[in-house]
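Have a look at the structure below before the remarks.
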Amino acid sequence: MKSLTTNTINRRGLPIILQQLIASCALLILSPLLLLVALLIKLESNGPVIFSQIRVGENGRQFRCFKFRSMYLPGSPQLANVSMGKSDRSGICQKFFNDPRVTKTGRIIRKLSIDEIPQLVNVLKGDMAIIGPRPHLVTEYMQYDPSVLERLNCKPGLTGLWQVSGRADTTFEQQLMLDKQYIANQSFWLDVRIFFATIPAVLLAKGAY
Numbered sequence: 004m005k006s007l008t009t010n011t012i013n014r015r016g017l018p019i020i021l022q023q024l025i026a027s028c029a030l031l032i033l034s035p036l037l038l039l040v041a042l043l044i045k046l047e048s049n050g051p052v053i054f055s056q057i058r059v060g061e062n063g064r065q066f067r068c069f070k071f072r073s074m075y076l077p078g079s080p081q082l083a084n085v086s087m088g089k090s091d092r093s094g095i096c097q098k099f100f101n102d103p104r105v106t107k108t109g110r111i112i113r114k115l116s117i118d119e120i121p122q123l124v125n126v127l128k129g130d131m132a133i134i135g136p137r138p139h140l141v142t143e144y145m146q147y148d149p150s151v152l153e154r155l156n157c158k159p160g161l162t163g164l165w166q167v168s169g170r171a172d173t174t175f176e177q178q179l180m181l182d183k184q185y186i187a188n189q190s191f192w193l194d195v196r197i198f199f200a201t202i203p204a205v206l207l208a209k210g211a212y
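Below, the structure written as structure tokens:
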């Protein structure tokens with residue numbers, strides 16, 4: 004495991020207990036939508052409804068992050084190989100804007116960020132917060148230089164300053180700058196502003212692929 008030089012900071016944003024209460028209410032309110040999405044995923048392609056992946060969170064702690072499955076499984080005839088493809092975004096965090104591995108249902112739930120809703124369970128478990136930098140892929144984390152490790156100074160979130168500032172339309176360097184800006188200026192009211200700015204960002208689907 005890569006050694007960390009990060010320092011845990013006292014959380015100055017929305018209290019985690021309040022975020023967990025919001026997550027509980029959201030899961031209850033959204034349960035009919037979640038059941039519908041699960042049915043559509045199951046009808047379109049074989050495989051589990053929920054996709055889980057090891058991500059890196061606060062202070063480098065690894066955890067299992069949950070999402071609705073939006074891609075075909077390995078071995079599916081529809082699955083395309085993108086291993087030789089060129090990422091549409093430069094830097095460590097790769098992104099394919101027209102990823103041929105994504106199912107039809109997957110394209111819709113990704114566009115509207117519905118695929119991320121199961122991460123409310125991660126909030127309840129204490130692995131994530133609602134507001135914060137996005138959780139990091141292990142492969143990305145292993146490429147981070149020391150200047151990037153500052154992103155691990157707080158819990159990762161479902162949404163954050165980066166998500167309401169362009170999402171995948173930003174470069175990795177811009178994403179890093181926004182994450183550092185959030186950590187340095189974290190406050191109750193900044194979290195509230197990001198929370199409400201997420202609603203139009205999701206509805207307009209700008210930067211979502």
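Sequential numbering of the sequence shown, starting at 4, is according to this note's numbering.
All residues carry an ideal CB built from backbone N, CA and C; glycine is no exception.
C-alpha of residue 69 to C-alpha of residue 54: approximately 6 Å in a straight line. Between residue 66 and residue 44 the beta-carbon gap is near 23 Å, outside 8 Å, which marks them as no contact. For residue 162, the beta-bridge partners assigned by DSSP are 134. 26 is the residue among 17, 19 and 26 whose C-alpha sits nearest the C-alpha of residue 123. Taking one beta carbon from each stretch, the segment 125-143 and the segment 153-167 have 3 or more pairs nearer than 8 Å; the two touch. Around the beta carbon of residue 142, fewer than 16 other beta carbons sit within 10 angstroms, so the residue counts as exposed. Here residue 146 is exposed. Its C-beta has fewer than 16 other C-beta atoms within 10 Å. Ranked by how close their Cα comes to the Cα of residue 58, the residues 110, 106, 144 and 119 have 144 in first place. The bridge partners DSSP lists for residue 55 are 69.
Annotated as proximal: residue 164 and residue 193, with beta-carbon spacing under 9 Å. Residue pairing of residue 193 in beta bridges, as defined by DSSP: absent, with no partner found.
With respect to the 9 Å criterion, residue 17 and residue 199 are not classified as neighbours on the basis of their beta carbons. With a contact defined as Cβ atoms closer than 8 Å, residue 168 and residue 179 miss out at about 12 Å. The secondary-structure analysis by DSSP pairs residue 140 across a beta bridge with 58.
Around the CB of residue 187, fewer than 16 other CB atoms lie within 10 Å, so the residue is classed as exposed. Minimum Cα-Cα distance from residue 208 among the listed residues 115, 63, 41 and 119 corresponds to 115. The alpha-carbon separation between residue 131 and residue 46 amounts to approximately 30 Å.
Using a Cβ distance threshold of 9 Å, residue 112 and residue 162 do not count as a contacting pair. In this structure, 126 is the residue among 40, 176 and 126 with its C-alpha nearest to the C-alpha of residue 21. Shown here for residue 154: same chain residues with a beta carbon closer than 6 Å to its own, the five before and five after excluded, namely 136 and 182 in chain order.
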